[in-house]
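First comes the structure, then the notes that go with it.
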Amino acid sequence: MSPTYYIKTFGCQQNESDSERIAAMLESRGMVRVNNIYKADRVIINTCMVRQMAEHRVYGTVNNLVINKLKNGLPEKIIVTGCMVGMAVRDKTGNFLRLIKKRMPYVDEFLPIEEVGFDHEPVRSDIITAWVPVSNGCNNFCTFCVVPFTRGREISRPYDEILNECRQLIKKGFKKITLLGMNVNSYGADLVAGAENVQVLRDWHKTYFGKKENISGKVIKNYSLNDGRLVKPVYVKHLNRLRIPTLFPMLLEDIASISDLETVNFISSNPWDFSDELIDVISRHGNITRSLHIAVQSGSNSVLKRMNRWYTGEQYLRLLDKIRGKIKNVRISTDIIVGFCGETEKEFNSTLDLAKRARFYKAYISMYSDRPQTAAHKVFKDDVPHNEKKKRWQILEDLINGTKK
Ligand code: SF4
3 MSPTYYIKTF
13 GCQQNESDSE
23 RIAAMLESRG
33 MVRVNNIYKA
43 DRVIINTCMV
53 RQMAEHRVYG
63 TVNNLVINKL
73 KNGLPEKIIV
83 TGCMVGMAVR
93 DKTGNFLRLI
103 KKRMPYVDEF
113 LPIEEVGFDH
123 EPVRSDIITA
133 WVPVSNGCNN
143 FCTFCVVPFT
153 RGREISRPYD
163 EILNECRQLI
173 KKGFKKITLL
183 GMNVNSYGAD
193 LVAGAENVQV
203 LRDWHKTYFG
213 KKENISGKVI
223 KNYSLNDGRL
233 VKPVYVKHLN
243 RLRIPTLFPM
253 LLEDIASISD
263 LETVNFISSN
273 PWDFSDELID
283 VISRHGNITR
293 SLHIAVQSGS
303 NSVLKRMNRW
313 YTGEQYLRLL
323 DKIRGKIKNV
333 RISTDIIVGF
343 CGETEKEFNS
353 TLDLAKRARF
363 YKAYISMYSD
373 RPQTAAHKVF
383 KDDVPHNEKK
393 KRWQILEDLI
403 NGTKK
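Start counting the sequence shown at 3; every next residue gets the next number (this note's numbering).
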């Protein structure tokens, strides 16, 4: 009999997508999926660290598996992967690895997700919609966010590899594609400029374009696609900045142009890379989603500054106006954190004010959760009492998600 496996996935769509590739890797070795975690020979736990609660759920799952193993002998092997392992391999002190080994002593293997490549066709969980990762990691270092420490710096997949995967999916009968990236609309900056350059920069001053060298002395080459086209750097005008050169508008347009593709969606977008070019591409193609998710996190400029988010509430609202002006029937959803370190009543009221003006279709509201390694953890105090966080969460939840328009 073939050995069996079960994958338990916590967290975001990127983790769901990674689990599809883990399944492909296991099936290429002759393993067969089972639907009961307690009947599998091998259990893989794909972890999330975005909030403390997610981490606790991982410890609970492992404990239950160990109890089952002591009673029934299964699973033979427990493997932990995903964000917790990502954090462990990137923490040079070794403290986090020691901590998770201590808390989960019966885990047989801690598998870095980078060891699961793109060599096998993912075992997809849906036959209509396919997730296609375009990049992994993030360079933005928002002070509350653990992603740059769990997934590392942003690395983009090759343009043609993504495009070919999408074409193959449509040939196989998939109708909908969701492009995934932690900062999906900065896709390709590392391909154009070299990862080591992009990773130390947020914006490029205008003068770096058109010159042969950038600040680290390397020659900037335009990115040449297989068909000979060259990428042009994208100027994010609502922020009056020259952002790192992204390929995302071109990639999205090429994918939307594949015949028989009904819908292409993309998550997660950030305001600072939502360029005019991207808005134009969306408006030109009816099969690109009209449900846009653009994280705002706070409506208070002082909180945004502490979060290391580099836009103001006003700039964010101007972006929404621009999008609504060019794309008909668009619905905008967002992410908001309440109770971030030092958030005053007044600052929270600024978020309420923005929420009223932004006319969000939906918001994913979370209470701030202190995460290891992050700048907020090191520099600020998680000083908004839990009850106050809960109160603010409820007020916003009622305002945005309470009565559906
Ligand atoms: S852009 Fe998103 S993934 Fe990147 S650090 Fe900020 S919140 Fe985290």
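All C-beta atoms, glycine included, are put in the ideal place defined by N, C-alpha and C.
Note that the structure is a prediction, hence the values are computed from the model and not measured.
So what's residue 312 in DSSP terms, helix, strand or just coil? For this step, residue 312 is matched to residue 310 along the sequence shown. DSSP places residue 312 in coil when its eight states are reduced to three.
Considering only heavy atoms of ligand 1, does any lie closer than 7 Å to the CB of residue 55? By 1-based counting over the sequence shown, the position of residue 55 is 53. No, ligand 1 has no heavy atom inside 7 Å of this Cβ.
Taking 8 Å as the threshold (C-beta atoms), are residue 324 and residue 281 in contact? Along the sequence shown, one-based indexing puts residue 281 at 279. Along the sequence shown, one-based indexing puts residue 324 at 322. Cβ distance < 8 Å, so residue 281 and residue 324 count as in contact.
Identify whether residue 276 lies in helix, strand or coil by the three-state DSSP scheme. Numbered from 1 along the sequence shown, position 274 holds the residue referred to as residue 276. Note: residue 276 maps to coil in three-state DSSP.
Roughly how many angstroms separate the alpha carbons of residue 12 and residue 374, rounded to a whole number? Counted from its first residue, the sequence shown places residue 12 at position 10. Counted from its first residue, the sequence shown places residue 374 at position 372. In a straight line, the C-alpha of residue 12 is about 18 Å away from that of residue 374.
Distance cut 6 Å, beta-carbon to ligand 1 heavy atom: residue list by chain order: 140, 142, 143, 144, 147, 149, 150, 184, 185 and 272
Leaving out five residues on either side along the sequence, give the residues of the same chain with a beta carbon under 6 Å from the beta carbon of residue 200. One-based indexing of the sequence shown puts residue 200 at position 198. For residue 200, where only same-chain residues beyond five positions count, the Cβ hits under 6 Å are 191, 192 and 246.
Along the chain, which unbroken stretches of the beta strand (DSSP E) at least 3 residues long are found entirely within the segment 93 to 154? For secondary structure counted as the beta strand (DSSP E) over 3 or more consecutive residues, the segment 93 to 154 holds these complete runs in sequence order: 111 to 113 and 131 to 135.
With distances taken Cα to Cα, identify the nearest neighbour of residue 339 among 298, 167 and 327. For the purposes of this step, residue 339 is taken as residue 337 along the sequence shown, with counting starting at 1. The candidate whose alpha carbon is nearest that of residue 339 is 298.
For residue 395 and residue 367, I'd like the C-alpha separation in whole angstroms. For the purposes of this step, residue 395 is taken as residue 393 along the sequence shown, with counting starting at 1. For the purposes of this step, residue 367 is taken as residue 365 along the sequence shown, with counting starting at 1. If you take the alpha carbons of residue 395 and residue 367, they lie about 7 Å apart.
Give me, in chain order, the residues of the same chain whose beta-carbon lies closer than 6 Å to that of residue 226; leave out the 5 immediate sequence neighbours on both sides. To locate residue 226, count along the sequence shown from 1; it is residue 224. If we look at residue 226 and ignore the five residues flanking it on each side, its Cβ neighbours are 232.
I need the straight-line Cα distance from residue 69 to residue 76, nearest angstrom please. Sequence index remark: in the sequence shown, residue 69 carries index 67 (1-based). Sequence index remark: in the sequence shown, residue 76 carries index 74 (1-based). So the alpha carbons of these two residues sit roughly 9 Å apart.
Option in 315, 398 and 151 with minimal Cα separation from residue 369: As a position in the sequence shown, residue 369 is number 367, starting the count at 1. Ranking the options by Cα distance to residue 369, first place goes to 398.
What are the start and end residues of the alpha helix (DSSP H) that includes residue 270? Within the sequence shown, residue 270 is the residue found at index 268, counting from 1. Unbroken run through residue 270: none, as it is neither H nor E.
Would you mind reading off the limits of the beta strand (DSSP E) that contains residue 353? The residue you call residue 353 lines up with position 351 of the sequence shown. Premise fails: residue 353 lies in the alpha helix (DSSP H), 347 to 360, not in any beta strand (DSSP E).
Where DSSP assigns a beta bridge to residue 295, which residues make up the other side? The count along the sequence shown starts at 1 and reaches residue 295 at position 293. The partner list for residue 295 (beta bridge, DSSP) reads 335.
Excluding the 5 residues flanking residue 17 on each side, which residues of the same chain have their C-beta closer than 7 Å to its C-beta? Within the sequence shown, numbered from 1, the residue matching residue 17 stands at position 15. Answer for residue 17: 11, 48, 50 and 84, listed in chain order.
Quick one: is the Cβ of residue 160 within less than 7 Å of any heavy atom of ligand 3? This structure lacks ligand 3; the ligands present are ligand 1.
What is the residue span of the alpha helix (DSSP H) that residue 161 lies within? Numbered from 1 along the sequence shown, position 159 holds the residue referred to as residue 161. In the DSSP assignment, residue 161 falls within the unbroken alpha helix (DSSP H) covering 161 to 173.
Leaving out five residues before and five after residue 264 in sequence, what residues of the same chain have Cβ atoms less than 8 Å from its Cβ? Locating residue 264 in the sequence shown gives position 262, counting from the first residue. Taken in chain order, the residues that qualify are 177, 178 and 289.
Simplified DSSP assignment, three categories, for residue 183: Taking the sequence shown and counting its residues from 1, one reaches residue 183 at position 181. Coil at residue 183, not helix or strand.
Kindly give me the distance between the Cβ atoms of residue 115 and residue 88, rounded to whole angstroms, as I take these residues to be in contact under 8 Å. Walking along the sequence shown from the start, residue 115 turns up at place 113. Walking along the sequence shown from the start, residue 88 turns up at place 86. Residue 115 to residue 88, Cβ: 6 Å. Contact.
Cβ shell of residue 19 (< 6 Å), same chain only, five flanking positions each side left out: Locating residue 19 in the sequence shown gives position 17, counting from the first residue. Closer than 6 Å at Cβ, skipping near neighbours: 133, 135 and 182.
From what residue to what residue does the beta strand (DSSP E) around residue 393 run? Here residue 393 refers to the residue found at position 391 of the sequence shown. First-last for residue 393: 388 to 398, but that is the alpha helix (DSSP H), not the beta strand (DSSP E).
Find out if the Cβ-Cβ distance for the pair residue 360, residue 322 is shorter than 8 Å. If you number the sequence shown from 1, residue 360 lands on position 358. If you number the sequence shown from 1, residue 322 lands on position 320. A contact, by the Cβ cut-off of 8 Å.
From what residue to what residue does the beta strand (DSSP E) around residue 369 run? Sequence index remark: in the sequence shown, residue 369 carries index 367 (1-based). Taken as a continuous stretch (DSSP letters only), the beta strand (DSSP E) holding residue 369 covers 364 to 369.
What is the DSSP secondary structure of residue 413, reduced to helix, strand or coil? Coverage of the chain is limited to positions 3 through 407, which leaves residue 413 absent and any answer about it impossible.
Is residue 92 close to chain D, meaning its C-beta is less than 8 Å from at least one C-beta of that chain? The structure shown contains no chain D; it is built from a single protein chain.
Beta-carbon spacing of residue 202, residue 249 below 8 Å: By 1-based counting over the sequence shown, the position of residue 202 is 200. By 1-based counting over the sequence shown, the position of residue 249 is 247. Against a cut-off of 8 Å, the Cβ pair of residue 249 and residue 202 comes out as no contact.
Flag this pair as yes or no: are the beta carbons of residue 137 and residue 158 separated by less than 8 Å? Residue numbering aside, residue 137 sits at position 135 when the sequence shown is read from its first letter. Residue numbering aside, residue 158 sits at position 156 when the sequence shown is read from its first letter. Yes, these two residues count as a Cβ contact at 8 Å.
Going by beta-carbon coordinates alone, are residue 34 and residue 8 separated by less than 8 Å? Position 32 of the sequence shown, counted from the first residue, corresponds to residue 34. Position 6 of the sequence shown, counted from the first residue, corresponds to residue 8. Not a contact, by the Cβ cut-off of 8 Å.
On a CA-only basis, which of 316, 269 and 262 is nearest residue 292? Give me that one, please. Working through the sequence shown from its first residue, we reach residue 292 at position 290. For the residues 316, 269 and 262, the minimum Cα distance to residue 292 belongs to 269.
Exposed unless 16 or more other CB atoms sit within 10 angstroms - verdict on residue 185: Counting from 1 along the sequence shown, the entry for residue 185 is found at position 183. So residue 185 ends up on the buried side.
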